[in-house]
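Asks:
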Amino acid sequence: MNGGEGDDEAVTSEGPPQPLEWKFSQVFGERTAGEEVQEVDIISAIEFDKSGDHLATGDRGGRVVLFERTDTKDHGYRRDLERMDYPISRHPEFRYKTEFQSHEPEFDYLKSLEIEEKINKIRWCQTANSSLFLLSTNDKTIKFWKVQEKKVKKICDMNVDPSKAGGNGSIASSSMSTTPKPHLANGGLPEKSYMCSSSDIKIPPGGIPSLHLPVVVASHETSLAARCRRIYAHAHDYHINSISTNSDGETFISADDLRINLWNLEISNQSFNIVDVKPANMEDLTVVITYYNLKSYFAILIDKFWFSISRIIAHMPRAAWVTLYMSCIRHGLHLHRIGPSRNVITSAEFHPNHCNTLAYSSSKGSIRLIDLRQSALCDTHSKLFEEHETPGSRSFFTEIIASISDIKFGKDGRHILSRDYMTLKLWDINMDSGPVATFQVHEYLRPKLCDLYENDSIFDKFECCLSGDGQRVATGSYSNLFRVFGCTSGSSEATTLEASKNPMRRQVQNPARPSRSLSSLTRVVRRESPGVDANGNAFDFTTKLLHLAWHPTENSLACAAANSLYMYYA
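For reference, each letter of the sequence shown is one residue, going 1 to 570 in full-length UniProt numbering.
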């Protein structure tokens, strides 16, 4: 799959790869039975660096935690070991490296808007001089961080020998003496009292004959320090949902609901708007309210102050939709449409190899590929990827469940993986007629869409990821479950695992549907993943696995379940 037609033929001749057997590796922040999870500790972002030796997570408290790999430091990298046929008995292991506070809660006094400290996205940048660089963002502000090891400096060649000091025997750790000392008038001391007030170091009666400056020397000890190099602010009116670094190592993009901006890492006070989907009339982005009782005073108020009301509705939290709906019914009103009536941007990502190409997804289930060489403002796309609706299948929830929550490029740049609420789709950028594979993730929840809408679960944004070799894809689900699918020709791999120390506990071995070939040129695989309960009764919608990441070179997954980080390998 990675290399085009030649690789596809090789995979076909050898047959699809065998399903992986996933094993538990590590867990960080494991909860004890009955322990209550604090809201600020819930993980909201996770990302491997390009080498796979470092892993970063962000949480709702605005903190960024870094982990580093330890099982390759003693004997070199695993690729070198495999080349030398060195027996590898240890599974991938990571350890805590450092953490820092990336964002703090803020308040926009002009818009009367509270800005959360929650980390929405983390992206690694190119390393330099053994220092780590990464971008982190909340709803409004992006920050560029540098993490490096610094040698601890110590002071030596003191005027007084610390070994002769009283108390605890050191200047830094000596405590104040609690023994009362005799004092003279005006704060003087007796002539024979030569005790220092800040320590118990004894000074000779004749004093020190000569004083010299202490010497600061660097020791062999090191400490990690995180420093914010740049702050990119005041460029988005709406919440930032994506950031992505460019392959040129110099630029990155940030996207909100209506705009995509291009930044230079070295310039924080200027950005270029490259995509703008803001309509001329902002009312096109609000809900449409029609009322039956034209004599209702509430209806007259809506007519008179519609523009102000529509702006309030557009920024209303999703949890308030049901309350608004019932209130309108009581006043003789009807919510004719809920959700945006136009496309809004939901995710954006740079091509991994071509610095001039990027893709962004929309709330209507489409993906647009744009070329920065065409024009400064990319109003038009070079390619459009979307799956047309089946006639007669449209319902009230069609637009909501079609909204794409995440897109990822494959390592080769040939394929794009997208995740909507119901499915996981794999697209070939050379074929815009439809996805090459569709994986049913939440099909069993279709009868429960009304309940999911009422409890707000239908708006959950699940992420997706691809393996480094491009042969498998993964995404999360409810009850802390995640699914791994094989996406090569003829593969029937569809594994359901649980984010726990026993990932195979919820595994059900059900045969997947056979692949259905539509033509000799296109391969469309439609499979329904095995579920614990076809009715969805056994699934807990309050525990959801939204964030996960695949190691760039190995079959290793990192999953975030609430405040716990689980690591698995195969």
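Beta carbons are placed, not taken as given, at the ideal position from N, Cα and C, and that holds for glycine.
Since this is a predicted model, take the numbers as computed values, not measurements.
Quick one: grab the DSSP three-state call for Ile404.
Replies: In the structure shown, Ile404 sits in coil (DSSP, three-state: anything other than H, G, I, E or B).
Asks: Would you please state the rounded distance, in angstroms, between the beta carbons of Ser491 and Pro16? I believe it to be under 8 Å.
Replies: Confirmed, about 4 Å.
Asks: So Ile407 and Tyr421 are supposed to be a Cβ contact under 8 Å. How far apart are they, rounded?
Replies: 14 Å between Cβ atoms; not a contact.
Asks: For Asn261, write down the residues that DSSP places opposite it in a beta bridge.
Replies: For Asn261, which the question treats as bridged, DSSP gives the partners Ser254, Asn273.
Asks: Restricting to Cα atoms, I'd like to know which of Pro447, Leu449, Ala561, Gly58 is closest to Leu481.
Replies: With distances taken between Cα atoms, Leu481 lies closest to Ala561.
Asks: At 4 residues or longer, and completely inside the stretch 352 to 412: list those alpha helix (DSSP H) runs for me, N to C.
Replies: Within the stretch 352 to 412, the complete alpha helix (DSSP H) runs of at least 4 residues are 398 to 402.
Asks: From this set, Glu106, Leu132, Gly468, which residue's C-alpha is nearest Ala233's C-alpha?
Replies: Nearest of Glu106, Leu132, Gly468 to Ala233, Cα basis: Glu106.
Asks: Should Ser242 and Ile367 be called a contact, given that it needs their Cβ atoms to be closer than 9 Å?
Replies: In this structure, Ile367 does not lie closer than 9 Å to Ser242 by Cβ.
Asks: For the alpha helix (DSSP H) holding Tyr453, just list the boundary residues, first then last.
Replies: Run containing Tyr453: 449 to 454, per the alpha helix (DSSP H) assignment.
Asks: Output the distance between the C-alpha atoms of Lys140 and Ser418, rounded to the nearest integer angstrom.
Replies: Roughly 25 Å separates the two Cα atoms.
Asks: Do you know offhand how far Glu117's Cα is from Val64's?
Replies: When rounded, the distance between both Cα atoms is 11 Å.
Asks: Determine the contact status of Ile46 and Leu55, defining contact as a CB-CB distance below 9 Å.
Replies: Cβ distance < 9 Å, so Ile46 and Leu55 count as in contact.
Asks: To the nearest angstrom, how far is it from the Cα of Thr251 to the Cα of Val473?
Replies: Cα to Cα, the separation comes out at about 28 Å.
Asks: Shortest alpha-carbon distance to Tyr566 belongs to which of Leu20, Glu30, Pro19, Glu21?
Replies: Residue Glu30 is the option with its Cα nearest to Tyr566.
Asks: Can Ser136 and Gly58 be called in contact, C-beta distance under 9 Å?
Replies: For Ser136 and Gly58, yes; Cβs fall inside 9 Å.
Asks: In this structure, what does DSSP give as the bridge partners for Gly486?
Replies: Answer is Arg472, bridged to Gly486.
Asks: Kindly indicate which three-state DSSP category Asn430 falls into: helix, strand or coil?
Replies: The answer is coil: DSSP assigns Asn430 none of H, G, I, E or B.
Asks: Have a look at Glu149, Pro92, Tyr360, Lys278 and flag the residue whose alpha-carbon is nearest the alpha-carbon of Phe385.
Replies: For Phe385, the nearest C-alpha among the options comes from Tyr360.
Asks: Here's the rule I'm using: 16 or more other beta-carbon atoms within 10 Å means buried, otherwise exposed. How should Pro447 be labelled?
Replies: Exposed: under 16 other Cβ atoms inside 10 Å.
Asks: Could you check which residue in Ala570, Ser564, Tyr568, Tyr569 has the C-alpha nearest to that of Glu35?
Replies: Looking at the Cα atoms, Ser564 is the closest of the given residues.
Asks: Excluding the 5 residues flanking Ile260 on each side, which residues of the same chain have their C-beta closer than 6 Å to its C-beta?
Replies: Ile253, Ile274, Val275, Ala348, listed in sequence order.
Asks: Quick check on the burial criterion: 16 or more other C-beta atoms within 10 angstroms. Buried or exposed for Thr475?
Replies: Classification for Thr475: buried.
Asks: Relative to the ligand NAP, is the shortest distance from any of its heavy atoms to the C-beta of Phe133 smaller than 8 Å?
Replies: No copy of the ligand NAP occurs in the structure displayed, which carries no ligand at all.
Asks: Cα separation between Glu389 and Ser131?
Replies: If I take the Cα positions, the gap works out to 49 Å.
Asks: At the level of alpha carbons, what is the spacing between Ser477 and His547?
Replies: Looking at the two C-alpha atoms, the distance is approximately 10 Å.
Asks: Using three-state DSSP, classify residue 583 as helix, strand or coil.
Replies: Residue 583 cannot be examined here, being either before or after the span of the chain that is shown, 1 to 570.
Asks: Alpha carbon to alpha carbon, how far is Ile155 from Pro352? Give it in angstroms, no decimals.
Replies: Taking the straight line from one Cα to the other gives about 48 Å.
Asks: Leaving out five residues before and five after Phe133 in sequence, what residues of the same chain have Cβ atoms less than 6 Å from its Cβ?
Replies: Same-chain partners within the cutoff: Cys125, Lys146.
Asks: Quick one: residues in its chain with C-beta nearer than 7 Å to the C-beta of Val152, no 5 flanking neighbours on either side, listed in chain order?
Replies: The residues are Ser219, Glu221, Thr222, Ser223.
Asks: Would Lys461 and Ser405 qualify as a contact pair, given that the criterion is a beta-carbon distance under 9 Å?
Replies: Cβ distance < 9 Å, so Lys461 and Ser405 count as in contact.
Asks: Would you call Arg60 buried or exposed, if buried means 16 or more other Cβ atoms sit within 10 Å of its Cβ?
Replies: Buried, because 16 or more other Cβ atoms sit within 10 Å of the Cβ of Arg60.
Asks: Thinking C-beta only, is Phe48 closer than 9 Å to Ala499?
Replies: No, the Cβ-Cβ distance between Ala499 and Phe48 is not below 9 Å.
Asks: Would DSSP call Asp41 helix, strand or coil?
Replies: Helix, per DSSP.
Asks: What do you get for Pro503, buried or exposed, if any count of 16 or more other CB atoms within 10 angstroms of its CB means buried?
Replies: Label assigned to Pro503: buried.
Asks: So, for Ser467: in the same chain, excluding its five sequence neighbours on each side, which residues have a beta-carbon less than 6 Å away from its beta-carbon?
Replies: Taken in chain order, the residues that qualify are Trp550.
Asks: Can you name the start and end residues of the beta strand (DSSP E) that Glu114 belongs to?
Replies: Per DSSP, Glu114 belongs to the beta strand (DSSP E) from 113 to 115.
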